[in-house]
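Peer 1:
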Amino acid sequence: MSWGTELWDQFDNLEKHTQWGIDVLEKYIKFVKERTEIELSYAKQLRNLSKKYQPKKNSKEEEEYRYTSTRAFLATLNEMNDYAGQHEVISENMTSLITGELTRYVQELKQERKSHFHDGRKAQQHIETCWKQLEASKRRFERDCKEADRAQQYFEKMDADINVTKADVEKARQQAQLRHQMAEDSKAEYSSTLQKFNSEQHDHYYTHIPNIFQKIQEMEERRIVKIGESMKTFAEVDRQVIPIIGKCLDEITKAAESIDHKNDSQLVIEAFKSGFEPPGDIDFEDFTQPMKRTVSESSLSNSRGEGKSEPKFGGKSKGKLWPFIKKNKLMSLLTSPHQPPPPPPASASPSAVPNGPQSPKQQKEPLSHRFNEFMTSKPKIHCFRSLKRGGAGPEDFSNLPPEQRRKKLQQKVDELNKDIQKEMDQRDALTKMKDVYIKNPQMGDAASVDHRLAELGQNIEKLRLEVQKFEGWLAEVEGRLPMRTEQPRRQSGLYEAQNTSAVNSCAQDRESSPDGSYTEEQSQETEMKVPATDFDDEFDDEEPLPTIGTCKALYTFEGQNEGTISVAEGEMLYVIEEDKGDGWTRIRRNEDEEGYVPTSYVEVYLDKNAKDVYKSLQKISE
């Protein structure tokens, strides 16, 4: 089956068919290109998706990935990233093995097709030229034969006419012979041309055209084979990455199977366990005793004696109710009041100014005296400033519940021990280097490493002191965990909601009376019972906040809420902290009295230099 023999007369159709074949090949190349673009886009979207859900560094999300379920999700994200990489491999392989290869082949195919059809047109033009020569020879032979026949008839006519001279007859005879000779020559030429044309035509249709069409057929068959091979490669490229994609999916399945709900539950316990024991039973409080009294002097005196013992009776429950109504007094003293400041009065000297929720007036000198002692301690101010400015907690993690504090301290000790080990490894390496330098002075100066060795020694000593400090705190916490026999402290979920700063490590809590209200005297007594060493060991040598200006009271303000201070109209005071946007300004009357007043109640005169110094100190403390 050959195109040369079967399709010898279909030159134009073959030309159209081969052009169609090239168009099909180019269409397939375009299809593969679009497939590679889809693969790249899909891979990019998968990578973006994986990156979007990756935990951000130094964020709370990193802590969440200690659970097996979230670790499995992280493994899924990583595998999806590898999965996306395989789609990129598909795109790259299709581009190099199919698109690039077929593009080059199409260019070669076009050149080859052009050459073959050029040869076919050339052969066709040649046979057409031979046919034209044959037709011209044939027409000339026909014309000469007709001329010779007419000349012969004219000669016979002249020869039969008796009136024609002999010379005229002879001339006619010669003319007839000449025409006859010319016809013979045309006949011979026509015969020769015909033989030549037949030979050329035979070669054209049985040799030249079949050879050209055979080459075109081979070219078209190669194109068909090439596109088939490309389709196989198309499938192979996908098949090659299937094992790796299968491994990615297997890893995702393995990660899913590694999820341990029991382990995650235990991690929740470790993360949020406070170390406190649940509260005990609440004692019954009998309020019917006053009803049994009689209106007599003896009973009246007895009732007074009983009345004195009532606080002791109620005091049994005060320590047990504090987790549910806990509010740290020092917190309210050292931070601006939570309610918005009252508006300035309409008159210049109002007799009474609304000041939000009123607190019972109590004698605050003991608490203020204790507050001043706290203010003179360095870590205390740092602790409160961190609380107010959103800084980090105290170094000993005293703002955390016992169990969480123990874990943090243990983690810190482990980190410091690792740092010590690194420093010791460096010191050992430098010591060996120094020994080598001593034995081989040409390799280096042994004295050049002494300075570095001294630095490492100092660093190790500092780290060891840090380890001792944190180990001391750790031993203290482990001794305070609920393994002791004393009455455990009551604690609840409000611990974290109300104690997110280091203040709880520095001050005692208020306790509640039987009727649910706070007793100022009780809380003051509790605070004064705290040994001074509990604060002196932890906080020391902090100067009070510097003054940044002065202010004049425009109105009288009765500071009845905790953390505020009363001022009289026209009184001059020192400003130690300007308004932070909450409507309160912190002022100081003397070394023992300071607090917050509404900014609209005072006229502030800030000292620029003092303000700059204050801001610098704030940045350093933060």
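Residue numbers in the sequence shown follow the numbering used here, run continuously in steps of one, and reach 710 at the last position.
Note that the Cβ used here is the ideal one computed from N, Cα and C, for glycine as well.
1) How big is the Cα-Cα spacing for Ser-138 and Ala-131?
2) Rounded to whole angstroms, what's the CA-CA distance from Glu-196 to Met-307? Just pull it up for me.
3) Among residues of its own chain, excluding the 5 on either side of Pro-442, which ones have a beta-carbon nearer than 6 Å to its beta-carbon?
4) My output table needs one value for Glu-665: the three-state DSSP class, helix, strand or coil.
5) Here's the rule: buried if 16 or more other CB atoms are within 10 angstroms of the residue's CB, otherwise exposed. What is Asn-487?
6) Quick one: grab the DSSP three-state call for Gly-637.
7) Spell out the partners DSSP gives Arg-676 in its beta bridges.
8) Taking buried to mean at least 16 other C-beta atoms within 10 Å of its own C-beta, is Trp-219 buried or exposed?
9) Can you check whether the CB of Ile-126 is closer than 8 Å to the CB of Phe-322?
10) Could you spell out the range, first to last residue, of the alpha helix (DSSP H) harbouring Leu-282?
11) Which word fits Arg-526, buried or exposed, when buried means at least 16 other C-beta atoms lie within 10 angstroms of its C-beta?
12) Let me make sure I understand the geometry here. Which of Glu-679, His-175, Leu-541 has the alpha-carbon closest to that of Gln-133?
13) Is Phe-375 helix, strand or coil when you go by DSSP?
14) I'd like to confirm the pairing. Which residues does DSSP put opposite Tyr-693 in its beta bridges?
15) Determine the burial state of Gly-92: buried for a count of at least 16 other Cβ atoms within 10 Å of its Cβ, exposed for fewer.
16) DSSP on Glu-235, reduced to helix/strand/coil?
17) Do Met-246 and Val-257 count as a contact pair if the criterion is CB distance below 8 Å?
18) By DSSP's criteria, Thr-652 is part of a beta bridge. Which residues make up the other side?
19) In this structure, does DSSP put Glu-365 in helix, strand or coil?
20) Could you have a look at Thr-106 and say whether DSSP puts it in helix, strand or coil?
21) Taking a contact to mean a Cβ-Cβ separation below 8 Å, would you say Gly-651 touches Tyr-684 in this structure?
22) Assign Trp-108 to buried or exposed, taking buried as 16 or more other Cβ atoms, counted over all protein chains shown, within 10 Å of its Cβ.
23) Measuring alpha carbon to alpha carbon, tell me which of Leu-497, Gln-492, Asn-286 ends up nearest Lys-557.
24) Distance cutoff 8 Å, beta carbons only. Does Lys-500 sit that close to anything in chain D?
25) Here's the rule: buried if 16 or more other CB atoms are within 10 angstroms of the residue's CB, otherwise exposed. What is Tyr-294?
26) Quick one: grab the DSSP three-state call for Phe-485.
27) For the stretch 298-307 and the stretch 191-208, state whether three or more C-beta atom pairs, one from each stretch, are separated by less than 8 Å.
28) Measure the alpha-carbon distance for Asn-649 versus Lys-506 and round it to whole angstroms.
29) Hey, would you say Ser-362 sits closer than 8 Å to Pro-489, going by beta carbons?
30) Could you check whether Ile-664 and Arg-677 sit closer than 8 Å to each other, using their CB atoms as the reference points?
31) Use the C-beta contact count for Glu-691: other C-beta atoms within 10 angstroms, 16 or more gives buried, fewer gives exposed.
32) Using the Cα positions of Ser-280 and Ile-117, report the straight-line distance between them to the nearest angstrom.
33) Quick one, are the C-beta atoms of Glu-666 and Ala-641 less than 8 Å apart?
34) Let's see if you can read the secondary structure: which residues bound the alpha helix (DSSP H) around Arg-310?
35) Taking the alpha-carbon positions, what's the Ser-129 to Gly-173 distance?
36) Residue ranges of each beta strand (DSSP E) run of no fewer than 3 residues wholly in the stretch 105-155, ordered along the chain?
Peer 2: Quick look at the numbers:
1) In the sequence shown, the residue the question calls residue 138 occupies position 50. In the sequence shown, the residue the question calls residue 131 occupies position 43. Each residue's alpha carbon lies about 10 Å from the other.
2) Walking along the sequence shown from the start, residue 196 turns up at place 108. Walking along the sequence shown from the start, residue 307 turns up at place 219. So the two alpha carbons sit approximately 10 Å from each other.
3) Walking along the sequence shown from the start, residue 442 turns up at place 354. Only weak support is given to the placement of Pro-442: the predicted model assigns it a pLDDT of 40, under 50, and the value that follows is read from those uncertain coordinates. These residues qualify, in order along the chain: Pro-430.
4) Mapped onto the sequence shown, residue 665 falls at position 577. Looking at Glu-665 - three-state DSSP - the assignment turns out to be strand.
5) Taking the sequence shown and counting its residues from 1, the one referred to as residue 487 is at position 399. So Asn-487 counts as buried.
6) As a first step, residue 637 must be located in the sequence shown, where it is residue number 549. Of the three classes helix, strand and coil, the one that applies to Gly-637 here is strand, per DSSP.
7) As a first step, residue 676 is located in the sequence shown; it is residue number 588 there, counting from the start. Answer is Tyr-662, Glu-682.
8) Here residue 219 refers to the residue found at position 131 when the sequence shown is read from its first residue. The residue is exposed, with fewer than 16 neighbouring Cβ atoms inside 10 Å.
9) Walking along the sequence shown from the start, residue 322 turns up at place 234. Walking along the sequence shown from the start, residue 126 turns up at place 38. Against a cut-off of 8 Å, the Cβ pair of Ile-126 and Phe-322 comes out as no contact.
10) Within the sequence shown, numbered from 1, the residue matching residue 282 stands at position 194. 254-291 is the span of the alpha helix (DSSP H), which, as asked, contains Leu-282.
11) As a first step, residue 526 is located in the sequence shown; it is residue number 438 there, counting from the start. Per the sequence shown, residue 526 should be read as Ile rather than Arg. It is exposed - the Cβ of Ile-526 has fewer than 16 other Cβ atoms within 10 Å.
12) Walking along the sequence shown from the start, residue 133 turns up at place 45. Of the candidates Glu-679, His-175, Leu-541, the one whose C-alpha sits nearest the C-alpha of Gln-133 is His-175.
13) The sequence position of residue 375 within the sequence shown is 287, counting from 1. Reduced to three states, the DSSP call for Phe-375 is coil.
14) Looking up residue 693 in the sequence shown gives position 605. DSSP lists Thr-638 as partners of Tyr-693.
15) Translated into positions along the sequence shown, residue 92 becomes position 4. Result: buried.
16) Here residue 235 corresponds to residue number 147 of the sequence shown, with the count starting at 1. Glu-235: helix per DSSP, three-state reduction.
17) Position 169 of the sequence shown, counted from the start, is the residue given in the question as residue 257. Position 158 of the sequence shown, counted from the start, is the residue given in the question as residue 246. Cβ distance < 8 Å, so Val-257 and Met-246 count as in contact.
18) Position 564 of the sequence shown holds residue 652. The partner list for Thr-652 (beta bridge, DSSP) reads Tyr-684.
19) The residue labelled residue 365 in the question sits at position 277 within the sequence shown. Of the three classes helix, strand and coil, the one that applies to Glu-365 here is strand, per DSSP.
20) On the sequence shown, residue 106 is found 18 positions in, with the first residue counted as 1. Reduced to three states, the DSSP call for Thr-106 is helix.
21) As a working note, residue 651 is residue 563 in the sequence shown. As a working note, residue 684 is residue 596 in the sequence shown. Result yes, Cβ atoms of Gly-651 and Tyr-684 sit closer than 8 Å.
22) In the sequence shown, counting from the first residue as 1, residue 108 sits at position 20. That one is exposed.
23) Sequence index remark: in the sequence shown, residue 557 carries index 469 (1-based). It is Leu-497.
24) Structure shown: chain D not included; a single protein chain is present.
25) Within the sequence shown, the letter at position 206 stands for residue 294. Tyr-294 comes out exposed.
26) As a first step, residue 485 must be located in the sequence shown, where it is residue number 397. Coil, per DSSP.
27) yes
28) Your numbering for residue 649 matches position 561 in the sequence shown. Your numbering for residue 506 matches position 418 in the sequence shown. The alpha-carbon atoms of Asn-649 and Lys-506 are separated by roughly 50 Å.
29) To locate residue 362, count along the sequence shown from 1; it is residue 274. To locate residue 489, count along the sequence shown from 1; it is residue 401. Yes, the pair counts as a contact, with Cβ atoms nearer than the cut-off.
30) Translated into positions along the sequence shown, residue 677 becomes position 589. Translated into positions along the sequence shown, residue 664 becomes position 576. Cβ atoms of Arg-677 and Ile-664: not closer than 8 Å.
31) Taking the first residue of the sequence shown as 1, we reach residue 691 at position 603. Looking at its Cβ environment, which holds fewer than 16 other Cβ atoms inside 10 Å, Glu-691 is exposed.
32) Within the sequence shown, the letter at position 192 stands for residue 280. Within the sequence shown, the letter at position 29 stands for residue 117. Computed Cα separation, rounded: 55 Å.
33) For the purposes of this step, residue 666 is taken as the residue at position 578 of the sequence shown. For the purposes of this step, residue 641 is taken as the residue at position 553 of the sequence shown. Not a contact, by the Cβ cut-off of 8 Å.
34) Within the sequence shown, the letter at position 222 stands for residue 310. Here the alpha helix (DSSP H) through Arg-310 covers 297-345.
35) Taking the first residue of the sequence shown as 1, we reach residue 129 at position 41. Taking the first residue of the sequence shown as 1, we reach residue 173 at position 85. One C-alpha to the other measures close to 12 Å.
36) none
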